[in-house]
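No gaps in the numbering here: position 181 of the sequence shown is 1292 in our numbering, and each next residue is one more.
No residue lacks a Cβ here, since even glycine has one placed at the ideal position from N, Cα and C.
Fair warning: this is a prediction, and the values are worked out from it, not measured in the lab.
Structure, as structure tokens:
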Amino acid sequence: MLQTPSGGAGDGAAATDTGLMSIGAVLNVLREEFPEVTISKIRFLESEGLVEPRRTPSGYRKFSAGDVERLGHVLRMQRDHYLPLKVIREHLAAMERGEAVPLPALSRPGDGEDPAESVPATPATARIGRSRLLAAAGVDEQRLAEWESYGLLAPVGDGVYDAEAVTVARLLTELGRYGIEPRHLRAMKAAAEREAGLVEQVVAPLRRHRNPQTRAHAEDRTKELASLTMKLHAVLVRSALGVRLP
1112 MLQTPSGGAG DGAAATDTGL MSIGAVLNVL REEFPEVTIS KIRFLESEGL VEPRRTPSGY
1172 RKFSAGDVER LGHVLRMQRD HYLPLKVIRE HLAAMERGEA VPLPALSRPG DGEDPAESVP
1232 ATPATARIGR SRLLAAAGVD EQRLAEWESY GLLAPVGDGV YDAEAVTVAR LLTELGRYGI
1292 EPRHLRAMKA AAEREAGLVE QVVAPLRRHR NPQTRAHAED RTKELASLTM KLHAVLVRSA
1352 LGVRLP
């Protein structure tokens, strides 16, 4: 169980007698179990809607003991179960509804299946085999080959793909139902690569820094910037189309 001290340095003021904690105090608590966690990581999880701290009139974050427990639960699911944030968010929502939902189990090499067809033990290297990708997307070899010919999907190794390939394939399939073909999406692919290049340009100095802690912050910064650029992209598309989405 995470302990929640009554004070600490952080994002402005320290915790008060209300029992609420500053982000610095939360960081100190979480680091007892998660030494690699950073303030940037906590802010990123907040931006993803996984925790909603209160705000003081001056805008400083104040976390309750429940917020700290929730952050610990999120970090534990990432560390121990290798779950993406979308799955974690859905799991937490189910728990809040009072549903008893078991954590999904990710297969690993040695569980009785081809290692190329399983998801290895770290999210950074999650992979899926070609046959499982075809089955998950509900497409045949010809369609997958077409996507690959336009650079919309590409294997990361011999017959294996990044786990995100499943999401990409499903979205391509849905767009295809509206008559949007792979050749129409080359501009979108190019735009995504330009956005990724911009993020890489910003975080490159952190990756090259002599301080190991600064280099460790590069991943959190990359995720934060990726989230912001994706949100901006979505808003710009909606604005250009003149539509509002729920």
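Residue environment, residue i, which counts as buried when at least 16 other CB atoms sit within 10 Å
i	result
ARG1172	buried
GLY1365	As shown, the chain starts at 1112 and ends at 1357. That puts residue 1365 outside it, with no answer to give.
SER1242	exposed
GLY1262	exposed
ALA1315	exposed
SER1133	buried
HIS1202	buried
GLY1135	buried
ILE1153	buried
LEU1339	exposed
LEU1186	buried
LEU1343	exposed
THR1236	Here the model assigns THR1236 a pLDDT of 46, short of 50, so the residue's position is not dependable, and the following value carries that caveat. When all chains shown are included, THR1236 counts as exposed.
ALA1274	buried
GLY1221	Confidence in GLY1221 is poor, its pLDDT being 36 and thus under 50, which makes the residue's placement too unreliable to answer from.
LEU1282	exposed
ASP1191	exposed
ASP1269	exposed
VAL1162	buried
Beta-bridge pairing of residue i - partner residues as DSSP gives them
i	result
ARG1165	LYS1173
ILE1239	TYR1272
MET1188	Paired residues: none, contrary to the question.
MET1206	The partner list for MET1206 (beta bridge, DSSP) is empty, contrary to what the question assumes.
Nearest-angstrom beta carbon gap, residue j and residue i [assumed within contact, 8 Å]
i	j	result
VAL1279	ARG1238	About 14 Å; that fails the 8 Å criterion.
LEU1182	LEU1156	6 Å
LEU1336	VAL1313	6 Å
VAL1271	ALA1247	About 14 Å separates the two Cβ atoms, so there is no contact after all.
MET1206	ILE1199	In fact, because the Cβ distance is near 11 Å, the residues do not count as touching under 8 Å.
LEU1196	GLU1159	5 Å
ASP1251	LEU1245	7 Å
LYS1259	ALA1265	Inspection of the sequence shows that residue 1259 is occupied by Glu rather than by Lys. Contact holds; Cβ gap of about 6 Å.
At a cut of 8 Å, does the segment 1328-1335 reach the segment 1135-1154 through at least three beta carbon pairs?
At 8 Å Cβ cutoff, the stretches touch.
With three or more beta-carbon pairs closer than 8 Å as the criterion, would you say the segment 1307-1318 touches the segment 1275-1291?
By the Cβ criterion, the segment 1307-1318 is not in contact with the segment 1275-1291, since fewer than three pairs of Cβ atoms, one from each stretch, lie closer than 8 Å.
Please go through the segment 1258-1345 and give each complete beta strand (DSSP E) segment of 3 or more residues, from N-terminal end onward.
DSSP assignment within the segment 1258-1345 yields the following whole beta strand (DSSP E) runs of 3 residues or more, N-terminal first: 1271-1273.
Across the segment 1137-1146 and the segment 1313-1328, are there enough close Cβ pairs to call them in contact, namely three or more that are closer than 8 Å?
The segment 1137-1146, when compared against the segment 1313-1328, does not touch it at the 8 Å Cβ threshold.
Check whether the segment 1348-1356 touches the segment 1160-1172, taking contact to mean three or more Cβ pairs, one atom from each stretch, closer than 8 Å.
The segment 1348-1356, when compared against the segment 1160-1172, does not touch it at the 8 Å Cβ threshold.
Which ranges would you report for the beta strand (DSSP E) in the segment 1135-1162 if only whole runs of at least 3 residues count?
Listed in chain order, there is nothing to give.
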